[in-house]
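In our numbering, the protein residues as written are 18 to 266.
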Ligand code: SAH
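What follows is the structure, given as structure tokens:
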């Protein structure tokens, strides 16, 4: 399927490995006249962009600080108004903590057609790549995906950690590396056992992927010792120990 002129495509690039983009996403990427991509997108995916297409890194403008969301919305609209087919390539799935919804609303307000192509979110690929089944018969039948971004602030980004802790099911935390200690503390305070298994997956599906396994009580120190860095996904719950092979790898 060739990307259509004057249309914005929000394409999920998948969690990291360039092979994990969808067929539809790849077709749009290969045929688009302009590609506006997130910072964490694999260079191998950008090699698929056709010769002569315009490529913009939405994270950076030469000589300027990162673009604001408003600047990105304006850029997408401007390119589509020039009559170009625009591939907005976003990490994981466009609608999981990706501000994709805002880009759709801005394009609609400008009268520009938008197509959304789903992607494999790191919220799912992270646990799976680390051999953690987020649901497992007889162990867990639901999971919650939450941002750990503001876990240290009083408001906690609107996340009610006590309620999350009290809800049955596995917990998957994105953007939580810098706040790991605050997150595990809040989950224990909310009633989760300190012995509950935790697995952290750094650079899931990418070369150098690492998996660190511990419990709510131990994972912060293990992560510090290992020098854990973003991007990483944190999985909490008995499912993290079901396939018991996740030492530091
Ligand atoms: N829309 C994206 C998420 C954007 S928020 C998606 O669906 O995956 C960015 C967060 O995603 C990071 O802080 C990290 O928690 C997670 N993440 C993205 N790529 C990752 C990867 N390859 N390995 C581990 N975590 C990743």
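We put the beta carbon where it would ideally sit given N, CA and C, even for glycine.
For residue i, I'd like the list of residues in its chain whose CB is within less than 6 Å of its CB, leaving aside the five on either flank, ordered along the chain.
i, result
"residue 182", "204, 207, 208 and 209"
"residue 260", "148"
"residue 143", "218, 221 and 250"
"residue 154", "none"
On the premise that residue j lies in contact with residue i, defined as a C-beta separation below 8 Å, what is that separation, rounded to the nearest angstrom?
i, j, result
"residue 93", "residue 120", "6 Å"
"residue 247", "residue 218", "Their Cβ separation, rounded to whole angstroms, is 12 Å, which puts residue 247 and residue 218 out of contact at 8 Å."
"residue 228", "residue 253", "Incorrect: roughly 14 Å between the Cβ atoms, too far for contact."
"residue 118", "residue 138", "About 14 Å separates the two Cβ atoms, so there is no contact after all."
"residue 39", "residue 136", "7 Å"
When the Cα atoms are used, what is the spatial distance from residue i to residue j?
i, j, result
"residue 164", "residue 87", "22 Å"
"residue 176", "residue 226", "28 Å"
"residue 48", "residue 81", "29 Å"
"residue 190", "residue 162", "6 Å"
"residue 70", "residue 18", "17 Å"
"residue 148", "residue 220", "14 Å"
"residue 58", "residue 99", "25 Å"
"residue 113", "residue 180", "21 Å"
"residue 115", "residue 55", "10 Å"
"residue 187", "residue 150", "10 Å"
"residue 126", "residue 97", "13 Å"
"residue 41", "residue 134", "7 Å"
"residue 131", "residue 245", "37 Å"
"residue 239", "residue 145", "21 Å"
"residue 8", "residue 160", "The displayed coordinates of the chain run from 18 to 266. Any statement about residue 8 would go beyond what the structure contains."
"residue 43", "residue 232", "39 Å"
"residue 185", "residue 170", "24 Å"
"residue 128", "residue 36", "33 Å"
"residue 166", "residue 84", "20 Å"
"residue 158", "residue 22", "44 Å"
"residue 152", "residue 63", "34 Å"
"residue 90", "residue 34", "26 Å"
Just mark residue i as buried or exposed, buried being the case when its beta carbon has 16 or more other beta carbons within 10 Å.
i, result
"residue 256", "buried"
"residue 50", "buried"
"residue 32", "buried"
"residue 107", "buried"
"residue 68", "exposed"
"residue 72", "exposed"
"residue 212", "exposed"
"residue 66", "buried"
"residue 61", "exposed"
"residue 45", "buried"
"residue 75", "buried"
"residue 224", "exposed"
"residue 123", "buried"
Once you ignore the five residues that flank residue i on each side, which residues in its own chain have a CB closer than 7 Å to its CB?
i, result
"residue 237", "197, 198 and 201"
"residue 263", "Only weak support is given to the placement of residue 263: the predicted model assigns it a pLDDT of 47, under 50, and the question is left unresolved by the model."
"residue 105", "25, 26, 27, 28, 53, 93 and 120"
"residue 156", "255, 256 and 259"
"residue 20", "26, 45, 48, 49, 102 and 104"
So who's on the other strand from residue i, going by DSSP bridges?
i, result
"residue 25", "103 and 131"
"residue 249", "219"
"residue 189", "162 and 252"
"residue 49", "Beta-bridge pairing links residue 49 to no other residue."
"residue 232", "214"
"residue 109", "31"
"residue 72", "52"
Can you list, in chain order, the residues of its chain with a C-beta nearer than 8 Å to that of residue i? Leave out the 5 residues immediately preceding and following it.
i, result
"residue 168", "174, 176, 178, 193, 196, 199, 200 and 203"
"residue 95", "none"
Confirm the yes/no value for this check: CB of residue i, any heavy atom of the ligand PLP, distance under 8 Å.
i, result
"residue 224", "In the structure shown, the ligand PLP is absent; the only ligands present are the ligand SAH."
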